[in-house]
Structure formats: structure tokens, C-alpha cells
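Residue numbers (the working numbering): 9 to 361. What follows is a short report on a single structure.
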Ligand code: FA5
């Protein structure tokens with residue numbers, strides 16, 4: 009029902025005592041406000057609503073125009089007409105507010121729907137890592153030797169010069185002690201150049217009989233496709249009564265056959281290490297290499313001076329020792345042609361093993 013009844017225009021078509029200007033104004037107010045509320049209620053977006061707000065309520069909008077016409081009404085008609093105009097305007101403002109609230113809620117709902125995350129979807133599983141090829145090889149070799157009764161021990165990477173060299177019977181002027189070959193940390197200490205210091209530590213700490221393996225990083229000033237300044241070695245040794253070169257050969261052949269297959273040929277070449285006498289290097293046959301053989305380890309009978317340095321009587325006890333390059337064995341086993349691939353941490357390379 010129209011509030012124009014306040015000035016008696018809704019009940020009769022020709023209200024008495026009402027000016028023509030007021031009649032026309034009220035009729036236009038009625039028409040405009042009904043149209044405005046309808047259009048605002050039907051607005052389908054905030055942008056469209058804003059357009060309607062400017063069209064009806066803006067400074068140059070329809071209501072402003074009606075207000076201007078209100079200014080020219082006779083003074084006695086202004087209070088009732090003003091009230092009518094204000095009420096109509098309030099209804100449009102209220103409709104606009106309600107529509108804005110509705111449209112904003114719709115916009116949020118729609119955004120929530122479009123950005124919804126389906127927590128029931130299966131996630132992208134992170135690529136599973138695996139053991140580095142050197143660790144795989146180390147564990148495989150450890151299985152072979154522990155199966156033969158060897159125990160696993162550890163020794164430090166920063167080692168005294170005495171344990172790394174002197175106790176192992178290196179003479180004071182041995183070339184391995186050279187600054188060009190060895191990383192010195194401070195006076196009297198080096199980054200161990202091999203795992204043989206573990207022999208000294210284990211034999212000094214425990215009385216024979218002993219059968220020990222130990223592995224870890226070793227360091228040398230050395231770098232090319234088959235030499236890395238940091239690489240991995242595994243040391244093994246046995247001390248008991250009556251240990252001979254035959255035990256050494258038998259143990260190492262058994263190891264090579266377990267790791268590379270029963271038909272793998274080995275070759276023991278005479279060599280020299282200050283801490284073993286006699287000494288040998290062991291090659292395995294690799295038909296794909298032009299040389300036909302690849303060196304995998306150094307070995308020998310533990311030098312009596314080394315046993316003495318550890319408080320073991322060489323007249324009563326004897327032993328053999330060997331040291332192998334884990335990197336080289338991983339390269340052989342997996343057909344890797346450059347040792348540096350093992351340390352570049354390229355997931356595409358490592359994922360192959
Ligand atoms: C030694 O280090 C002796 N301690 C081994 C030993 C132990 C002999 C017990 C006798 C008794 P050699 O320097 O040859 O020996 O190194 C042993 C193995 O380590 C080599 O056969 C080779 O496989 C590997 N190796 C040596 N230098 C490097 C290097 N820079 N990068 C990668 N592997 C290496």
C-alpha cells in the first residue's frame with residue numbers, strides 16, 4: 009500500500025486542495041520507486057547493482073531529480089511531500105542494502121565453491137628415495153664378511169699422523185705423507201688417507217683372535233674420472249695363530265665370487281705397502297675393459313712391525329689385511345664410467361640404482 013495516503017492521493021484520483029505539481033510528483037515517485045525496488049531486487053551482480061544505485065540514488069539520479077521538483081512545491085505541501093519522498097528513498101536504500109548483502113554472500117559462496125579443495129583426492133606422493141649406490145654396495149659387502157664371522161668397527165676420519173702413518177710402518181720420508189697427497193688439518197693430524205688406521209685402533213684395543221671390517225670416507229689430493237679427493241674404503245683384517253697367505257687368498261676369492269658371481273676370475277699381483285709383507289693387489293677380470301682387468305683392492309700379510317706397534321707378539325700371532333675402494337666396486341658393479349657421478353647428487357642418475 010502506498011504511503012501517498014499521507015497526502016490523500018491514493019484513495020481518490022482528484023484529491024482536493026492538492027496542487028498539480030504535487031500530484032505529478034507523487035505519481036512519479038510512486039512509479040520510480042516501484043521500478044527501482046523491482047530492478048534492485050532482480051540485480052544479478054554487484055556491478056549491476058552499483059549501476060542501479062547511481063541511476064536512482066546518485067547525485068544525478070532519479071531521486072535527485074524528484075528532489076529538485078520538490079523544491080518548487082508550495083510551502084504548505086512540502087512537509088507531507090517531503091515525508092513521502094524520504095520514505096520512498098528509505099525503501100530503495102533498504103532494498104539496495106539487502107541486495108548488496110545477498111550478492112556479496114553469493115559471490116563468497118561462489119568463490120568458496122570454485123576454490124574448494126577436495127580433501128578426499130589422493131595426494132601427489134613424494135618420490136621415494138633409496139640408498140645411495142655406495143651404501144648399497146657397502147651393505148652387500150658387509151653381509152658377505154659378517155657371514156664369514158667378521159665384526160664391524162668404526163674409526164675417526166680425522167686421524168693422528170702417528171696412527172695414519174707411523175704405526176702402519178710408513179717411513180718419515182714416505183711420499184704419501186707429502187702435502188700434495190694428504191690433507192693436513194693441524195700439526196700432527198690428517199684427514200685419514202685410508203681405512204688402515206682402523207687396524208691400529210682395533211688391534212690396540214682388543215686382543216687377538218680378531219676378524220674385523222671397517223669402512224668410511226677417506227681423503228687424498230687426487231681428482232679425475234677414477235679418483236676422487238673424498239672416496240670410500242673398506243678395511244678388513246684377521247689376526248690369529250697360523251694365519252697364512254692361503255687364508256688371505258681364500259677369503260678374498262670367496263668375497264669376489266659372492267659379490268660378482270662364482271665364475272669371476274681374480275688375479276693377485278705382487279705389490280708394496282709399508283704395513284704388509286708380502287703385499288698384493290687384486291684385480292678382477294673385466295672383459296669390457298681394454299686392459300681386461302680392474303684393480304679392486306690392496307692386501308697382504310700384516311707386517312710384524314705393525315703387530316708389535318699394537319702390542320701383539322708377531323712370533324705368536326700372524327694376520328692378513330685388505331683395503332678396497334667401495335666407489336670402484338660400485339662403478340664396476342653398476343657400469344659407472346666416472347666416479348664423479350657418484351657425488352653430484354643428480355637424482356636422475358642416482359634413481360637408476
Ligand atoms: C690403500 O689405501 C691401502 N690402505 C689398502 C691396503 C689395506 C693394503 C690393507 C694392504 C692391506 P690403495 O692406495 O691402493 O691402498 O687404495 C686401495 C683402493 O682404494 C684402490 O684399490 C682403489 O680401489 C681405491 N682408491 C684409491 N685411491 C682412490 C681415489 N682417489 N678415488 C677412488 N678410489 C680410490
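Beta carbons are placed, not taken as given, at the ideal position from N, Cα and C, and that holds for glycine. Keep in mind that this is a model prediction, so the values were computed, not measured.
| Asked | Found |
| --- | --- |
| Could you confirm whether any beta carbon from chain D is found closer than 8 Å to the beta carbon of residue 280? | The structure shown contains no chain D, having only a single protein chain. |
| Determine, using beta carbons only, whether residue 203 and residue 156 come nearer to each other than 8 Å. | no |
| One question on the structure: do residue 199 and residue 165 come within less than 8 Å of each other, judged by their Cβ atoms? | yes |
| Under DSSP, the beta strand (DSSP E) around residue 225 begins and ends at which residues? | 218-227 |
| Would you say residue 308 touches ligand 1, meaning its beta carbon is less than 7 Å from a heavy atom? | yes |
| Comparing C-alpha positions only, which one of 55, 96 and 57 sits nearest to residue 74? | 96 |
| Grab me the residues of residue 190's own chain with a C-beta within less than 6 Å of its C-beta, minus the 5 sequence neighbours each way, in chain order. | 198 and 201 |
| Could you tell me the distance, in whole angstroms, from the CA atom of residue 249 to the CA atom of residue 326? | 6 Å |
| Just to confirm before moving on: does the CB-CB distance between residue 336 and residue 304 stay below 8 Å? | yes |
| Which whole-angstrom value describes the C-beta separation of residue 78 and residue 89, a residue pair presumed to lie in contact below a C-beta threshold of 8 Å? | 6 Å |
| Compare the Cα-Cα distances from residue 93 to each of 37, 49 and 308 and report the closest residue. | 37 |
| Could you tell me whether the Cβ atoms of residue 161 and residue 222 are closer together than 8 Å? | yes |
| Round the Cβ separation of residue 158 and residue 244 to the nearest angstrom and send it over; I've been treating them as touching at under 8 Å. | 6 Å |
| To the nearest angstrom, report how far apart residue 255 and residue 353 are at their CA atoms. | 39 Å |
| Which value, in whole angstroms, describes the spacing of the CA atoms of residue 144 and residue 285? | 32 Å |
| Does ligand 1 have a heavy atom nearer than 7 Å to the CB of residue 344? | no |
| Verify whether the separation of the beta carbon atoms of residue 142 and residue 338 is less than 8 Å. | yes |
| Does DSSP put residue 27 in a helix, a strand or coil? | coil |
| Output needed for residue 100: all residues of its chain with C-beta closer than 8 Å, excluding positions within five of it in sequence on either side, in chain order. | 41, 44, 45, 48, 64, 65 and 71 |
| Suppose you measure from the CA of residue 193 to the CA of residue 230; what does that come to, to the nearest Å? | 17 Å |
| Between the C-alpha atoms of residue 62 and residue 34, what's the straight-line distance to the nearest angstrom? | 21 Å |
| Going by the C-beta, is residue 316 closer than 7 Å to any heavy atom of ligand 1? | no |
| Taking 7 Å as the limit between beta carbons, can you name the residues of its chain near residue 318, skipping five residues before and five after? | 208, 211 and 212 |
| Grouping DSSP H, G and I as helix and E and B as strand, with all else coil, what is residue 309? | strand |
| What separation, rounded to the nearest whole angstrom, lies between the Cα atoms of residue 184 and residue 132? | 52 Å |
| So what does DSSP say about residue 143, is it helix, strand or coil? | helix |
| Who are the near neighbours of residue 108 in its chain, counting only those whose CB is closer than 8 Å to its CB and skipping five residues on each side? | 54 and 57 |
| Flag residue 281 as yes when its Cβ comes closer than 7 Å to any non-hydrogen atom of ligand 1, and as no otherwise. | yes |
| Here's a check: name, in chain order, each residue in its chain whose Cβ is nearer than 6 Å to the Cβ of residue 361, leaving out the five neighbours to either side. | 141 and 342 |
| Look at the alpha carbon of residue 168 and the alpha carbon of residue 128, and state the distance between them as a whole number of angstroms. | 59 Å |
| May I ask you to check if the CB of residue 349 is nearer than 7 Å to at least one heavy atom of ligand 1? | no |
| Given this structure, state the Cα-to-Cα distance separating residue 289 from residue 357, to the nearest angstrom. | 31 Å |
| Return the residue from the list 29, 106 and 345 that minimises the CA-CA distance to residue 235. | 345 |
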